[in-house]
Amino acid sequence: MVQELKEAYDMVLHGALLNTIAQEGRFVSVGKGDLIMDVGDPIPGMPLLIDGAIKILRVDDAGDEMLLYFLEQGDSCAMTLGSFFGQTKSDIRAVAEQDSRFVIMPLDKVIEWTGVHTDFRQFVFESFNTRLKELVEAMDNLAFLDLHGRTAKYLDDRVKVNGTTTLSTTHAEIAADLHTSRVVVSRILKQLENEGKISLHRNRIEVLEF
Numbered sequence: 197m198v199q200e201l202k203e204a205y206d207m208v209l210h211g212a213l214l215n216t217i218a219q220e221g222r223f224v225s226v227g228k229g230d231l232i233m234d235v236g237d238p239i240p241g242m243p244l245l246i247d248g249a250i251k252i253l254r255v256d257d258a259g260d261e262m263l264l265y266f267l268e269q270g271d272s273c274a275m276t277l278g279s280f281f282g283q284t285k286s287d288i289r290a291v292a293e294q295d296s297r298f299v300i301m302p303l304d305k306v307i308e309w310t311g312v313h314t315d316f317r318q319f320v321f322e323s324f325n326t327r328l329k330e331l332v333e334a335m336d337n338l339a340f341l342d343l344h345g346r347t348a349k350y351l352d353d354r355v356k357v358n359g360t361t362t363l364s365t366t367h368a369e370i371a372a373d374l375h376t377s378r379v380v381v382s383r384i385l386k387q388l389e390n391e392g393k394i395s396l397h398r399n400r401i402e403v404l405e406f
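Under our numbering, the first residue of the sequence shown is numbered 197, with each subsequent residue one higher.
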């Protein structure tokens, strides 16, 4: 696990600290589609994503979801930083976009390392800043893009995260991520296909323009 951590984080965290993280952290492996953390779950710690991708979702009182952002290799999740301020329960749902592996760092150790290690403190602050920008972008998309534009951007983002223009997904999954109905998503996807931007297949979308 030490070598894998170094491959993902060696550019931002020094080797001795990564050795300590490997000793203190808990290694987790999940499959695509697995629920990693749900709303109301205790926050187990701060994750370091070794490989794969995780989507972070906001859930309303009716249980409907909306995609906030993706975590990729080398990322962490700002939502866990709320624990620094006394928040102990999750406000988000985390689902594996791909088969993924990550290390969960205990929160008491995260607080300790933030105070002791300059590189770790900078990593935490930069991670928080990145996630905050993504949240602002998500709000901008809601405010300034129509659903057609949001759907196109959503597909572009998934292409970049997954590293492939062929997305294994369903209309229902897209509708859930965009907080809308499957019927509306199906209509928009057909429009995008007619525009030559995507090609629709059963449980699969090929993105032609991104």
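We put the beta carbon where it would ideally sit given N, CA and C, even for glycine.
Nearest residue (CA-CA) to Ile246, options Gly236, Asn390, Met233 and Val198: Val198
Taking all protein chains shown into account, do 16 or more other C-beta atoms lie within 10 angstroms of the C-beta of Val434, making it buried, or fewer, making it exposed? Coverage of the chain is limited to positions 197 through 406, which leaves residue 434 absent and any answer about it impossible.
Can you tell me which of the three DSSP states Lys228 falls into? Reduced to three states, the DSSP call for Lys228 is coil.
With a CB to CB cut of under 6 Å and the five nearest residues on each side skipped, what residues in its chain are close to Asp206? none
According to DSSP, is Ser272 helix, strand or coil? coil
Would you kindly work out how many angstroms separate the C-alpha atoms of Ser364 and Arg400, rounded to a whole number? 5 Å
Might you give, ordered along the chain, the residues of its own chain that have their beta carbon closer than 8 Å to the beta carbon of Val299, omitting 5 neighbours on each side? Met197, Leu201, Ile217, Ala218, Gly221, Arg222, Phe223, Val224, Pro243, Leu244 and Ile246
One question on the structure: do Leu209 and Asp304 come within less than 7 Å of each other, judged by their Cβ atoms? no
Output the residue ranges of the beta strand (DSSP E) runs that lie fully inside the stretch 276-335 and measure 3 residues or longer, sorted by chain position. 289-292 and 296-301
Beta-bridge pairing of Asp247 - partner residues as DSSP gives them: Arg297
My understanding is that Glu293 touches Ile250, with C-beta atoms under 8 Å, so please give their C-beta distance in whole angstroms. 6 Å
Cutoff 8 Å; reference Asp260; Cβ partners in own chain excluding five residues on either side: Ala372 and His375
When DSSP builds the beta bridges, which residues end up paired with His397? Arg400
In the DSSP assignment, find the unbroken alpha helix (DSSP H) run with Asp352 in it and report its ends. Leu343 to Asn358
Residue environment, Glu391, which counts as buried when at least 16 other CB atoms sit within 10 Å: exposed
Would you decide whether Thr360 is buried or exposed? Buried here means 16 or more other CB atoms lie within 10 Å of its CB. Counting Cβ neighbours within 10 Å, Thr360 comes out exposed, since fewer than 16 surround it.
Near Ser395, which residues of its chain fall below 7 Å by C-beta distance, leaving aside the five closest residues on each side in sequence? Glu389, Glu402 and Leu404
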